[in-house]
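*Asks:* I'd like to ask you about the structure that follows.
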Amino acid sequence: MSYIGGSIKVFPNNYSILCYQKPPHKMLSRQQDTLFLTKKLDQEPCQDIIFRSKLPDIVIPNQLPLTDYVFQRFSGNGDGDFTATCLIDSATGRIFTYANVQINSQRVAAGIHRLGIRQLCVDDENGTVSLADGCVSFTELTQADETELSKPEISPDDTVAIPYSSGTTGLPKGVMITHKGLVTSIAQKVDGENPNLNFTGDDVIICFLPMFHTYAFNALILSAMRTGAAVLIVPRFELNLVMELIQRYKVTVVPVAPPVVLAFVKSQETERYDLSSVRMMISGAATLRKELEEAVLLKFPNAIFGQVRLGYFLYKLSSSLSRKFSYFLYKLKCKK
Numbered sequence: 001m002s003y004i005g006g007s008i009k010v011f012p013n014n015y016s017i018l019c020y021q022k023p024p025h026k027m028l029s030r031q032q033d034t035l036f037l038t039k040k041l042d043q044e045p046c047q048d049i050i051f052r053s054k055l056p057d058i059v060i061p062n063q064l065p066l067t068d069y070v071f072q073r074f075s076g077n078g079d080g081d082f083t084a085t086c087l088i089d090s091a092t093g094r095i096f097t098y099a100n101v102q103i104n105s106q107r108v109a110a111g112i113h114r115l116g117i118r119q120l121c122v123d124d125e126n127g128t129v130s131l132a133d134g135c136v137s138f139t140e141l142t143q144a145d146e147t148e149l150s151k152p153e154i155s156p157d158d159t160v161a162i163p164y165s166s167g168t169t170g171l172p173k174g175v176m177i178t179h180k181g182l183v184t185s186i187a188q189k190v191d192g193e194n195p196n197l198n199f200t201g202d203d204v205i206i207c208f209l210p211m212f213h214t215y216a217f218n219a220l221i222l223s224a225m226r227t228g229a230a231v232l233i234v235p236r237f238e239l240n241l242v243m244e245l246i247q248r249y250k251v252t253v254v255p256v257a258p259p260v261v262l263a264f265v266k267s268q269e270t271e272r273y274d275l276s277s278v279r280m281m282i283s284g285a286a287t288l289r290k291e292l293e294e295a296v297l298l299k300f301p302n303a304i305f306g307q308v309r310l311g312y313f314l315y316k317l318s319s320s321l322s323r324k325f326s327y328f329l330y331k332l333k334c335k336k
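The sequence shown begins at 1 in full-length UniProt numbering and counts up one residue at a time.
Structural data, given as structure tokens:
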């Protein structure tokens, strides 16, 4: 059986040989170590077997378009509550239910379809943003009649998002992610009996991360909406404001980047706020030193902490990887 870096050969008598794909001079010791096995087994037939994960299988409905999948719990025979809070605007206190978000997304789609794709400008609540020629406001789009747009035929292999890399190794590159790819990515994180990211409908997840980044877009917003959690939107990170919002809304999940962790650790203001509601802190976008992880947990006494790895190659995978099993609903025993 092949895996990253080598292959495993399994024989009927339960012996197995691990073969590394390394240069010959690095293979010498390995060959010497396994010589006694190969002498016994060179006449025995080799068979492939499947090594299965300890996690239960996940049913991935990747035949669905992304929006149908995200709102699946809130349509048809789903068990979701349409009146549950989906988004909270921290700047105004406005609350949008799952019904609000779904109908507004349909209306915006109908508005864009009616106008044709030109230029869009997002105006604020006070309407102080002047619109350039050829632009329309987001508010205008939400007034469209969603029934004017018939539901299009969408293939699972159609492109649904084009995130751009940062251009670390060259010019920024747009990566075409399909409906099937993004649905699969979210399902791998939050679906099944033992989800990788154990978001629940009772969670309040704060979001001050940039939503154009796959960390916030995929691992946070879409994953949270799939599970029925509430997302508290914060326009920008300000430490004292964030701590005040955590206290006010009883935030349970705090996704961060390493500079935010450092800000929490250095701040003497954390003792002024009740941060005990936080049960999970997720750090991503870059690696975090062990000492910072341990220090920030002193500020959040009831939280578990872990890191996710995100990078350009994960844009291609449309996914994220967890470095810890602490997010799982049911913990797994691991060898140290």
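Ideal placement from N, C-alpha and C gives every residue a C-beta, glycine not left out. These numbers come from a predicted model, not from an experiment.
Determine the DSSP secondary structure at A229, reduced to helix, strand or coil.
*Replies:* In the structure shown, A229 sits in coil (DSSP, three-state: anything other than H, G, I, E or B).
*Asks:* Using 10 angstroms around the beta-carbon of M176, count the other beta-carbons present and answer buried if the total reaches 16, otherwise exposed.
*Replies:* Classification for M176: exposed.
*Asks:* Pairs of beta-carbons, one from the region 201 to 221 and one from the region 295 to 302, closer than 8 Å: are there three or more?
*Replies:* Segments in contact, no.
*Asks:* May I ask you to verify whether the region 198 to 216 touches the region 143 to 160, counting CB pairs closer than 8 Å and requiring at least 3?
*Replies:* Result no; under three Cβ-Cβ pairs closer than 8 Å.
*Asks:* Suppose the cutoff is 7 Å on Cβ atoms and the five residues either side in sequence are ignored; what does the same chain contact list for G311 look like?
*Replies:* Residue placement at G311 is poorly supported in this model, since its pLDDT is 40, which falls under 50; the coordinates are not used for a value here.
*Asks:* Please state whether the Cβ-Cβ distance between P184 and D158 is less than 8 Å.
*Replies:* Note that residue 184 is Thr in the sequence shown here, rather than Pro. Not in contact: T184 and D158 (Cβ atoms no closer than 8 Å).
*Asks:* I need the straight-line Cα distance from F237 to A110, nearest angstrom please.
*Replies:* Going from the Cα of F237 to the Cα of A110 covers about 33 Å.
*Asks:* Which of the three DSSP states is assigned to T139 in this structure?
*Replies:* Note: T139 maps to helix in three-state DSSP.
*Asks:* Which two residues bound the contiguous alpha helix (DSSP H) that contains T147?
*Replies:* Here T147 belongs to no alpha helix (DSSP H), and DSSP marks it neither H nor E.
*Asks:* If the criterion is Cβ atoms closer than 8 Å, does the pair V231 and L66 meet it?
*Replies:* It is not a contact, given that the beta carbons lie outside the stated cut-off.
*Asks:* How big is the Cα-Cα spacing for K180 and K266?
*Replies:* Looking at the two C-alpha atoms, the distance is approximately 42 Å.
*Asks:* Taking the alpha-carbon positions, what's the K324 to Q307 distance?
*Replies:* Bear in mind that the predicted position of K324 carries a pLDDT of just 44, short of 50, making it unreliable; the figure below should be weighed with that in mind. C-alpha separation (whole angstroms): 7 Å.
*Asks:* Have a look at the DSSP bridge pairing and note the partners of V204.
*Replies:* A230, per the DSSP bridge assignment.
*Asks:* Can Q72 and P156 be called in contact, C-beta distance under 8 Å?
*Replies:* The answer is no: Cβ separation not under 8 Å.
*Asks:* In three-state terms, what does DSSP make of P255?
*Replies:* P255: strand per DSSP, three-state reduction.
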